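**Student:**
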Amino acid sequence: MTAESSTVLVVDDDPQIARALRINLSARGYRVVTAHDGTAALKAVAETKPDVVVLDLGLPDMDGTDVINGLRGWTQVPIIVLSARDDSTDKVHALDAGADDYVTKPFGMDELLARLRAAVRRSGVSTSESDAVVETPSLLIDLAAKKAKRDGAEVHLTKTEWRLLELLVRNRGRLVTQKQLLHEVWGPNYDTESHYLRVYVAQLRRKLEAEPSRPRHLLTEPGMGYRFEP
20 MTAESSTVLV VDDDPQIARA LRINLSARGY RVVTAHDGTA ALKAVAETKP DVVVLDLGLP
80 DMDGTDVING LRGWTQVPII VLSARDDSTD KVHALDAGAD DYVTKPFGMD ELLARLRAAV
140 RRSGVSTSES DAVVETPSLL IDLAAKKAKR DGAEVHLTKT EWRLLELLVR NRGRLVTQKQ
200 LLHEVWGPNY DTESHYLRVY VAQLRRKLEA EPSRPRHLLT EPGMGYRFEP
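Counting in the working numbering, the sequence shown runs from 20 upward without gaps.
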């Protein structure tokens with residue numbers, strides 16, 4: 020994939036940095052889209068389907084790692100963090116959340132361009148192949164906006180409920196084991212706490228299913244795990 024066919028989403032609340040990146044990247048043939056906060060970034064990825072995201076961590080409405088977590092719920096678009104935070108802990112958190120690379124401000128444009136080219140080359144998954152919105156006659160689940168609606172009305176989900184639903188929807192049509200759900204939603208120390216799943220799946224069914232006792236979408240695979248069917 021060449022620069023001429025690549026779209027870069029620049030997410031930075033510093034207008035000078037955003038402008039500098041737009042000018043430099045545009046001059047090298049990239050199509051550049053900008054967003055100035057996390058909410059706009061999540062929306063922009065869903066709408067413009069960029070080939071790579073350049074992301075600042077210090078955003079006004081949410082931390083950049085939350086943006087990474089939100090994107091990784093439904094897309095594998097390459098993410099390059101561009102941040103003034105040079106502490107190794109911040110780098111580890113961003114990379115663990117799913118970032119592909121980390122560049123510290125101040126940065127050299129040549130280095131950033133080289134990392135950008137590498138990220139685009141490594142990208143084997145197009146965002147257009149990912150579906151951020153799952154819609155059924157009664158449900159609408161928007162993974163990019165982190166929203167769920169039932170019969171047109173928005174459903175309030177706790178952070179844990181959303182993470183569980185997101186994992187199931189991301190793997191829709193496929194069995195997700197109890198161990199995988201516990202590990203990814205609650206952490207590696209909860210791999211055997213299956214009662215957590217029973218409680219939270221029941222809560223999701225009450226909020227999302229027309230008949231919670233006869234679920235249509237959030238299905239149990241006895242002794243194995245759960246599956247989301249659109």
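Cβ coordinates follow ideal geometry from the N, Cα and C atoms, glycine included.
Quick caveat, the model's predicted, so the values are computed rather than measured.
1. Is it the case that the Cβ atoms of R246 and L194 are separated by a distance below 9 Å?
2. For S232, which residues does DSSP report across the bridge?
3. Take the Cβ of T196 as the centre, count every other Cβ of all protein chains shown within 10 Å, and call the residue buried at 16 or more, exposed below.
4. Under the three-state reduction of DSSP, which class applies to T108: helix, strand or coil?
5. Could you give the first and the last residue of the continuous alpha helix (DSSP H) run that contains S45?
6. Could you compute how far the alpha carbon of G117 sits from the alpha carbon of A138?
7. Rounding to the nearest angstrom, what Cα-Cα distance links A133 and I160 in this structure?
8. Ends of the alpha helix (DSSP H) at D85?
9. Please report the straight-line C-alpha distance between V204 and I98, rounded to a whole angstrom.
10. Assuming V153 is part of the beta strand (DSSP E), what are its boundary residues?
11. Judging by CA-CA distance, which residue of L76, L44, Y49 is the nearest neighbour of H55?
12. Classify Y49 as helix, strand or coil using the three-state DSSP reduction.
13. Measure how close the beta-carbons of L12 and H214 come, nearest whole angstrom, since I'm counting them as under 8 Å.
14. DSSP state of S213, grouped into three classes?
15. Report all residues from its chain with a CB closer than 6 Å to the CB of S145; omit the five preceding and five following residues, and keep chain order.
16. Return helix, strand or coil for D120, following the three-state DSSP convention.
17. Exposed or buried, D31, counting other C-beta atoms within 10 Å across all chains shown (16 or more means buried)?
18. In terms of DSSP beta bridges, what is F247 paired with?
19. Closest to M36 by CA distance: which of L74, Y219, A151, K68 is it?
20. Once the 5 residues before and after E248 are set aside, which same chain residues still bring their CB inside 8 Å of it?
21. Suppose the cutoff is 6 Å on Cβ atoms and the five residues either side in sequence are ignored; what does the same chain contact list for H112 look like?
22. State the Cα-Cα distance for the pair D106 and D120, rounded to the nearest angstrom.
23. Do you know how far the Cα of W93 is from the Cα of P231?
24. Is D70 helix, strand or coil by DSSP?
**Tutor:** Reading from the atomic positions:
1. yes
2. Beta-bridge pairing links S232 to no other residue.
3. exposed
4. Reduced to three states, the DSSP call for T108 is helix.
5. 34-46
6. C-alpha separation (whole angstroms): 13 Å.
7. 37 Å
8. 83-91
9. Between the alpha carbons of V204 and I98 lies a gap of roughly 22 Å.
10. 152-154
11. L76
12. coil
13. In the structure displayed, the chain extends from 20 to 249; residue 12 sits before or after that span and is not available.
14. Helix.
15. With a pLDDT of 43 at S145, under the threshold of 50, the modelled position of that residue is not reliable, and the figure given next carries that caveat. Excluding positions up to five away in sequence, the list is empty.
16. strand
17. When all chains shown are included, D31 counts as buried.
18. L237
19. Just to set this straight, residue 36 is Ile in the shown sequence, not Met. Cα-wise, what sits closest to I36 is L74.
20. R191, G192, R235, H236, L238
21. T84
22. 15 Å
23. 26 Å
24. Taken through DSSP and simplified to helix, strand or coil, D70 comes out as coil.
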